[in-house]
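Undergrad:
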Amino acid sequence: PFHCTASGKLHLSTLSKDEVRHLIEVAGLTQFSVETITSIDALEAELEVIRGQGFAIDHQEFLAGTIAVGVPVFDFKRRLSLILTVQAPIFRLPLDAVERCLPVLREAANRLELMMQPDAAS
1154 PFHCTASGKL HLSTLSKDEV RHLIEVAGLT QFSVETITSI DALEAELEVI
1204 RGQGFAIDHQ EFLAGTIAVG VPVFDFKRRL SLILTVQAPI FRLPLDAVER
1254 CLPVLREAAN RLELMMQPDA AS
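Quick note: the sequence shown uses the numbering used here, first residue 1154, plus one each step.
(1) Per DSSP, what kind of secondary structure is D1211 in: helix, strand or coil?
(2) Whole angstroms are fine: how far does the CA of E1178 sit from the CA of Q1240?
(3) Going by the beta-carbon positions, is the gap between I1236 and G1218 smaller than 7 Å?
(4) For A1262, is the classification buried or exposed, using 16 other Cβ atoms within 10 angstroms of its Cβ as the cut-off for buried?
(5) Distance, Cα to Cα, T1167 vs L1233?
(6) Using CA coordinates, which residue listed in L1255, S1160 and V1226 is at the minimum distance from L1270?
(7) What residue range does the alpha helix (DSSP H) around Q1206 cover?
(8) With distances taken between CB atoms, is the gap from L1182 to V1173 smaller than 7 Å?
(9) Give the secondary structure of L1216 by DSSP, where H, G and I count as helix, E and B as strand, and everything else as coil.
(10) For F1155 and K1162, what's the separation of their Cα atoms in angstroms?
(11) Under 7 Å, do D1211 and A1195 count as touching if we go by C-beta distance?
(12) Leaving aside the five residues before and after S1192 along the sequence, list all residues of the same chain whose C-beta is less than 8 Å from its C-beta, in chain order.
(13) What does a CB cutoff of less than 8 Å around I1190 pick up in its chain, not counting 5 residues either side in sequence?
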């Protein structure tokens, strides 16, 4: 679901406010756990944070007991193309350790972006 997963929220963060509201009107904000964002205002605030930091976290929002962190991969026109996500049980990857994954994820995202450049095949 877009509103409660790291990859879904990253995708939403690339859309306009109107596009996000339309998707939410169609799909709703189903509550999957006690941590799920179920208000459009809270979701929009979360998307602003994601836009600023360049990554998204799902801390038990979709599945209780799990955490995920995701980073975007953009194509050569700076459009979202892929999202790299790491998901784990929170006892293996506590919230305070999530940021340790970010350098590796960002490096992988950068490599993928370079591979997707039009001149990368030559």
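A virtual CB, placed ideally from N, CA and C, is assigned to each residue, including glycine.
TA: In short:
(1) The answer is strand: DSSP assigns D1211 an E or B state.
(2) Their backbone Cα atoms lie some 28 Å apart in a straight line.
(3) No, they are not a contact pair.
(4) Buried, since its Cβ has 16 or more Cβ neighbours within 10 Å.
(5) Each residue's Cα considered, the two are about 7 Å apart.
(6) For clarity, residue 1270 is Gln in the given sequence; the question names Leu instead. Ranking L1255, S1160 and V1226 by CA distance to the CA of Q1270 puts V1226 first.
(7) In this chain, the alpha helix (DSSP H) harbouring Q1206 covers I1193 to Q1206.
(8) No, they are not a contact pair.
(9) L1216: coil per DSSP, three-state reduction.
(10) Counting only the Cα atoms, K1162 lies some 6 Å from F1155.
(11) Judged by beta-carbon spacing, A1195 lies beyond the 7 Å limit of D1211, meaning their Cβ atoms are not closer than that value.
(12) Around S1192: L1182.
(13) H1156, C1157, L1182, L1196, E1199 and E1214.
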